[in-house]
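Protein chains in written order, with this note's numbering: chain A, 185 to 481; chain B, 185 to 481; chain C, 185 to 481; chain D, 185 to 481; chain E, 185 to 481; chain F, 185 to 481.
For glycine and all other residues, C-beta sits at the position ideal for the given N, C-alpha and C.
Scroll down for the structure; my scribbles are underneath it.
6 protein chains.
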Amino acid sequence: MTKLMNPDLQAEILSQALPYIRRFAGATLVIKYGGAAMLDDDLKRAVMRDLALMRFVGINPILVHGGGPEVSEAMRKMGKEPEFIGGLRVTDAETMEIVEMVLTGKTNKGIVSLLNGEGLNAVGLSGKDANLLVAVKETARGDIGFVGRITQVNPGIVHTLTAAGYVPVISSVAIGQDGASYNVNADTAAGELAVALGAKKLILMTDVEGLYRDFNDKSSLISELTAAEARRMVNSGAIDAGMIPKLEACVDSVEDGVERAHIIDGRRPHSLLIEIFTDSGIGTMIHAAQGYRPRLV
Amino acid sequence: MTKLMNPDLQAEILSQALPYIRRFAGATLVIKYGGAAMLDDDLKRAVMRDLALMRFVGINPILVHGGGPEVSEAMRKMGKEPEFIGGLRVTDAETMEIVEMVLTGKTNKGIVSLLNGEGLNAVGLSGKDANLLVAVKETARGDIGFVGRITQVNPGIVHTLTAAGYVPVISSVAIGQDGASYNVNADTAAGELAVALGAKKLILMTDVEGLYRDFNDKSSLISELTAAEARRMVNSGAIDAGMIPKLEACVDSVEDGVERAHIIDGRRPHSLLIEIFTDSGIGTMIHAAQGYRPRLV
Amino acid sequence: MTKLMNPDLQAEILSQALPYIRRFAGATLVIKYGGAAMLDDDLKRAVMRDLALMRFVGINPILVHGGGPEVSEAMRKMGKEPEFIGGLRVTDAETMEIVEMVLTGKTNKGIVSLLNGEGLNAVGLSGKDANLLVAVKETARGDIGFVGRITQVNPGIVHTLTAAGYVPVISSVAIGQDGASYNVNADTAAGELAVALGAKKLILMTDVEGLYRDFNDKSSLISELTAAEARRMVNSGAIDAGMIPKLEACVDSVEDGVERAHIIDGRRPHSLLIEIFTDSGIGTMIHAAQGYRPRLV
Amino acid sequence: MTKLMNPDLQAEILSQALPYIRRFAGATLVIKYGGAAMLDDDLKRAVMRDLALMRFVGINPILVHGGGPEVSEAMRKMGKEPEFIGGLRVTDAETMEIVEMVLTGKTNKGIVSLLNGEGLNAVGLSGKDANLLVAVKETARGDIGFVGRITQVNPGIVHTLTAAGYVPVISSVAIGQDGASYNVNADTAAGELAVALGAKKLILMTDVEGLYRDFNDKSSLISELTAAEARRMVNSGAIDAGMIPKLEACVDSVEDGVERAHIIDGRRPHSLLIEIFTDSGIGTMIHAAQGYRPRLV
Amino acid sequence: MTKLMNPDLQAEILSQALPYIRRFAGATLVIKYGGAAMLDDDLKRAVMRDLALMRFVGINPILVHGGGPEVSEAMRKMGKEPEFIGGLRVTDAETMEIVEMVLTGKTNKGIVSLLNGEGLNAVGLSGKDANLLVAVKETARGDIGFVGRITQVNPGIVHTLTAAGYVPVISSVAIGQDGASYNVNADTAAGELAVALGAKKLILMTDVEGLYRDFNDKSSLISELTAAEARRMVNSGAIDAGMIPKLEACVDSVEDGVERAHIIDGRRPHSLLIEIFTDSGIGTMIHAAQGYRPRLV
Amino acid sequence: MTKLMNPDLQAEILSQALPYIRRFAGATLVIKYGGAAMLDDDLKRAVMRDLALMRFVGINPILVHGGGPEVSEAMRKMGKEPEFIGGLRVTDAETMEIVEMVLTGKTNKGIVSLLNGEGLNAVGLSGKDANLLVAVKETARGDIGFVGRITQVNPGIVHTLTAAGYVPVISSVAIGQDGASYNVNADTAAGELAVALGAKKLILMTDVEGLYRDFNDKSSLISELTAAEARRMVNSGAIDAGMIPKLEACVDSVEDGVERAHIIDGRRPHSLLIEIFTDSGIGTMIHAAQGYRPRLV
């Protein structure tokens, strides 16, 4: 952006962020990073700066990421065609090795480097480090290989890192109770971490504006709803399949004590800042009790 | 200000503050609060919010204040006519009692309440608390009573308070080595405190734009100069009398290790934020080495 | 006192203080300082030394003070005649400003300086600092202006100071929930602080020997009574009006967990030491259970 | 091993380890893990148990690893033929991506899981996490791509982890001052980390018995030599090329304060335990002063 | 022992100790030291080395000792003939003085010196230090003088010492509620300390192999039994008189929360290490629930 | 003492102790306890109460004791006749065993119990605990057996105990570099400890009034002298032989940084309190510089 602003206006706008900064001072926010915001270079850089700003004003952001497109690309390079059943990647042993290498060895460290370039002290983790995420095989939809369901979160390493000023970046790979690696859904992992860490917010960055009452009517965006309402929508079958795990992650985390969960549009620059530091909440917010959305302290 | 801004622009502007927030994270800034910014209710409220914002983004602001006009007003109410010699208030015992009551009992606690209203935990101190400011009688211009020169700063109580998250607000009254109370210049007190606390910045809020090369030519504002240049200007006699103690406080503190000292225009809303968080430095900056004013980290 | 004592007798007397020193090691004592002990220079100096001694033998004394006579004197200087209704000062806005200036700016800092002169590290606070005392308007006797009833005590700042070795001196001014300043009864404030701080003792220094069963019969001094008995005496109407808020402060604090509350005669030199460190309790002691006054550990 | 031992003999042998356990209590040991010990499953498991034992008896082991064979294998799967110049892998951007994915995403997390299976709390790091290893392009042998030379070690994250009881496992990937990833020699990285961490020992696990005076004469194994002697051997050209970076890592680290550096035979089961806990040092030890090899405290 | 072992076998045996070291990391073990292990110089030295090993691998050993034979010897030197009633030493005032001098002044400090010679930081205590063991006169078998029954354990001093890295060595002398010294049974004292310290194990070193089902049949050694079974055996009268206080100490401590209590044969070299670090438990183990003796983590 | 005093006088006397309490707050005082004060029951009890008082007013008293008369008595009971050469006890192995048993097992624990009876938390140590006092054989006067000269003080255990609120009581037995026990002079041991602990004062309790300029003239008591003067007196040969080690302990400790050393008359009740808390210093004081004896802060 060219600097069209005069400094007085800049200062005034900064000043207006005070109530939001005050509200989130010291709070832990778990952010699922993904979609366009992870693919587009300009958006990516903006997200990194947003996270740095959040950290410097006293928020503890915890980043969780998957990396589906990069995995599929690497698989193709190695002559394997990706295959999905019910939205889940069929993950044989060789595929799991590629998943882990890409998520933990490439995507994760790429994010870490970008954050460090913004002056943070980021440290990459997979769910295998210090047994952060423990999983068992997911068999709800038959045997699709090393796809896991999280059964335990050991958040000690995250507390150690944040207490020492580091920003954890976590890839969605879990350690199985059998010692094998498991691919876990990153939205779900973020939700589980938000609960285990006592986070104030869970924020899922997506490639949609939010949740629509009618998926085909872009004017039906739901700005807020209760966990109970959201649960009913999931059960009603009216939700787009791709949105279901996201919405479930939100509902589960709110039911387990996270104050609010958000589905926001990662394609919009500074979507994190807009959600957190301005009067204009964006996307869809899921919260515990109905009709409750205070914006000022 | 009405909220004309769209949230995307707001977020972008916040994002632009990142380098400044990063630069001052954890830094101690001593701010002399005074002049119009202390008299005008709107400005006063804006300063309080600016201080709150500074605190929440990780800065330790230390406020120092005098309160000449309120003292004179109280004196008149009590039937005493204020008298000045060479810019210094003639301060007999009765006047000193009034000075102390007004500064410490009224002005100080008024600021404390406003800051607490903005969500801070402010605590008022005078230089007598825990012997924070120790003084001897100032005799440079003859005996004008209980006007003191600071000989010792015991900053322990300030460290105790800031370490526990409190914001200290300090009135310019010192304890004499003889046990009496002394009126000390608030600009000078701020400078001495900045040195004793290892502050990164000393900021004097005034009712002028800054230092002029030629006091009668408002276009001759000096945006930055070295301590050596400033010292020469003081000695040259070209400086307005009222500006001399301010400029000397700046030069002394920079010579004793404070990185930069600023004379800014407290009449301009959000002058503190403009100076600290934008690309547009305002007023006059005194620093150690010549020709040095980096604005980005 | 001339030193008539031989050193062996001095040592023997010191030695006899051991059980008392042992009993109060580490204990918090809230002391309402006022009356003659605050007006007479010799008594004042003796109290300061007594407090210093208490601190050095491991007691945490917390001083609370009002300052009625000084307020009235300042008001008269400013041409206002003090007015009382039912023992409470009618406190319009201008009066409140004078109250605050005198108590916080003069009386408080005077005590602080004297204590520091005895080698302590005293720090003055008003109830507005860090929102220590929060009040609402007292309307029990109609609208008499800025007279407040304490609704909340935030003792954090006192804990921070005592943990770091400072001795807090607190003036009886509270911050209103409406942001205004309120004049609160110092005996009551001391009682509320004693409860909030988990004090072992509340001691009210007064200008009487203690509580009389019959106010006109000086031989009817009550040396101890239970909170229940004291409550009955208050309700019976037999108590001198000026004594009522004192006795109520004692009864309330004992009912809320303070071990003992004392009304002692501040006109007697070293009354604090006599009460705390000798076998001869003085004045009137209010405690929870009847017939209980052990003097030795 | 079948349990042929009677318990008395077992206990006696344990007892004999006391002087060694005492000597290394609290010491940091940096271990370059590689070669056969990383490829053979039985050896691998034995190393993990050895590391667990070391940790439980009070040693802080820091593991550093490369993973050349796995990288070459992954490259071939992706249709790229590995190429080496002077022992260094020619590393174009695509190769670097594979290096990083394999080392950090596969090898590293595999070690982490095995250690955690032995009851440790291992955490994997690459040199990019918290800028642990910073490098510039290595140009000594022309431009062979993203091969780096370490210019800075930021050991803070390692201290944070070990202080909290975690065992760090570090892959030999560094962050460039230009933000790119660099492949660095794992022996060299281990040596630099040993210096930066104030390690007592650097241990390089290799696939040879140690350093031979005459490479063709297996009876010429050198059991110990000084750093100066080792430096002369490197300069003499008599050393096998593959051994040179290892020997240089040892010499450099000893010259920079590490007490002893060891080249040991990772093909021998429990080689770490034999070196550290028995009277029989194995392999080649490089130390500062000549003729000095005390074995008992 | 001559070093017959090759280093590979030594390392393998060390490696086999890992599960046991892991299991007891950080655990407190109270060990009653006595019998032959305290009289024979070779055994004594071996025990000291075993304790040092235990400390260095992360166990907190607490040593408790009596010293009957040395007491009797000293008494005879002073011309007093030891006398026992029901296994308890008849302890008149003069005898008690000898008991205390021998146990605390000779036996205790002898152990302390030997442990310090093995590189530990041992500190000797009697039950009188910081009122560690408080007793009343034991009158169950009539008045046999200053023989005490423990009524209170004040373990603060033990926690202070172990937290600072010291190894406490405690003699079985208690302070009476009447201020006199009391001789207490060392097995019982060890059991009481194990309970008060939350120990994982109580180990009594004796001069027998363990508990026999039939005292005359050496093949009837009981390797493990529950506290309930042991209680029944005590009550049945089938137990050798000398064994009764030992077995009772075990049963009481297990009933009060100690995981396991052991009666082991101190005549066997390294009996402590065999019990703790090998697969071959020795002696008799008393535990809470029946049929439960897992040996591997 | 019967309580003749009125409470006002008692309070006044307490109040006069303030300057002394303030001066010694937090100071470490090493006190050699011995002579009549250790033999006479009334004196003994008074000393214990004095030490308790000192501790409760914030002083860290460290007690060091010998116990010659009790040792000789025990020796005679065991049929050995005590023998002295040049004031030093001839100490064969058997004698050393008796010395250690009596000092550490009887005298030391007796003092510990008395102090604990006064509400302190005393812990007895010998110089063997944690290698507090290390000695070599004293051969200056030929071989008189296990008489030692202190070569090293390891004060860690004393710091651990005082930091946790315990009062250490130390017997004058040292551990030899050869592992044997050594009898060391308690005055000398106290002096060495005073230096190692950075004590403010060393106080030797004796059975004389102090140092006399002429031993036969009781009116020639020296109230203060410099270390240099004292050294000259020792060298002059004019000093009574029994006084020499005491005076040397004082001079050595003052030369090594202890502020003042005192020889006081332990036969006088409350001699410690008189010295420390009153205007009337007693006995003889040795200090660094001449003519310097300030009594008030």
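| query | result |
| --- | --- |
| Reduced DSSP secondary structure (H/G/I, E/B, other) of Met185 of chain E | With a pLDDT of 39 at Met185 of chain E, under the threshold of 50, the predicted position of this residue should be treated as unreliable, and no value is reported. |
| Validate contact between the segment 191-201 of chain F and the segment 364-371 of chain F using beta carbons, cut 8 Å, 3 pairs | no |
| Interface partners of Thr288 of chain C on chain B, CB under 9 Å | Met285, Thr288, Gly289, Lys290, Asn292, Lys293, Gly308 |
| Counterpart residues of Asn244 of chain A in DSSP-defined beta bridges | A:Thr212 |
| Alpha carbon of Ala306 of chain D to alpha carbon of Val351 of chain D, nearest angstrom | 4 Å |
| Residue from F:Leu317, F:Ser404, F:Ala473, F:Ala221 with nearest C-alpha to Ser356 of chain F | F:Leu317 |
| Inter-residue Cα distance where the pair is Leu198 of chain E and Lys385 of chain D | 20 Å |
| C-beta atoms of Val286 of chain B and Ile328 of chain B nearer than 8 Å | no |
| Proximity below 8 Å, CB of His471 of chain D to CB of Val438 of chain D | yes |
| Host alpha helix (DSSP H) of Lys261 of chain D (start-end) | 252-261 |
| Chain-order list of residues whose beta-carbon lies under 6 Å from that of Gly443 of chain C (same chain, five-residue window excluded) | The sequence shown places Glu at residue 443 of chain C, rather than the Gly named in the question. The answer, listed in chain order, is Lys384. |
| Ser297 of chain B, buried or exposed, once every other Cβ within 10 Å from all chains shown has been counted against 16 | buried |
| For Asp449 of chain B, the residue or residues it bridges with in DSSP | B:Thr390 |
| Cβ pair Gly465 of chain F, Asp449 of chain F closer than 8 Å | no |
| Bridge-paired residues (DSSP) for Val318 of chain F | F:Gln336, F:Ile359 |
| Nearest-angstrom beta carbon gap, Val255 of chain F and Ala370 of chain F [assumed within contact, 8 Å] | At roughly 11 Å, the Cβ-Cβ gap does not stay under 8 Å, so Ala370 of chain F and Val255 of chain F are not in contact. |
| Proximal residues of chain F, C-beta to C-beta of Met262 of chain E below 7 Å | Lys261, Met262 |
| Neighbour list for Thr344 of chain E in chain F, Cβ cutoff strictly below 8 Å | Thr344, Leu345, Ala348, Tyr350 |
| Span of the alpha helix (DSSP H) around Ser199 of chain F | 191-200 |
| DSSP state of His454 of chain C mapped onto helix, strand, coil | coil |
| Interface flag, Lys312 of chain C vs chain B, CB-CB below 8 Å | yes |
| Between the CA atoms of Ser310 of chain A and Arg325 of chain D - distance to the nearest angstrom | 36 Å |
| Residue closest to Ala314 of chain B, alpha-carbon to alpha-carbon, out of B:Glu459, B:Gly340, B:Met389 | B:Gly340 |
| Per-residue contacts from Asp192 of chain B into chain A (C-beta, under 8 Å) | Arg452, Pro453, His454, Ile458 |
| Best match in F:Asp398, F:Val331, F:Ile406 for proximity to Thr372 of chain F [C-alpha to C-alpha] | F:Val331 |
| Residue range of the unbroken beta strand (DSSP E) whose run includes Leu309 of chain C | 306-310 |
| Chain-order list of residues whose beta-carbon lies under 7 Å from that of Lys290 of chain B (same chain, five-residue window excluded) | Glu254 |
| Cβ-based burial, Gly250 of chain E [other Cβ within 10 Å; buried from 16] | buried |
| Beta carbon proximity, Thr462 of chain B to chain A, threshold 8 Å | yes |
| Option nearest His446 of chain E by Cα separation, candidates E:Cys434, E:Leu457, E:Met238 | E:Cys434 |
| Distance CB(Ile243 of chain B)-CB(Ala201 of chain B) smaller than 8 Å | no |
| Interface residues of chain F facing Asp234 of chain C [CB-CB closer than 7 Å] | Ser199 |
| Assigned secondary structure, Asn367 of chain F (DSSP; H/G/I helix, E/B strand, else coil) | strand |
| Short CB-CB distance (under 8 Å) between Val442 of chain D and chain A | no |
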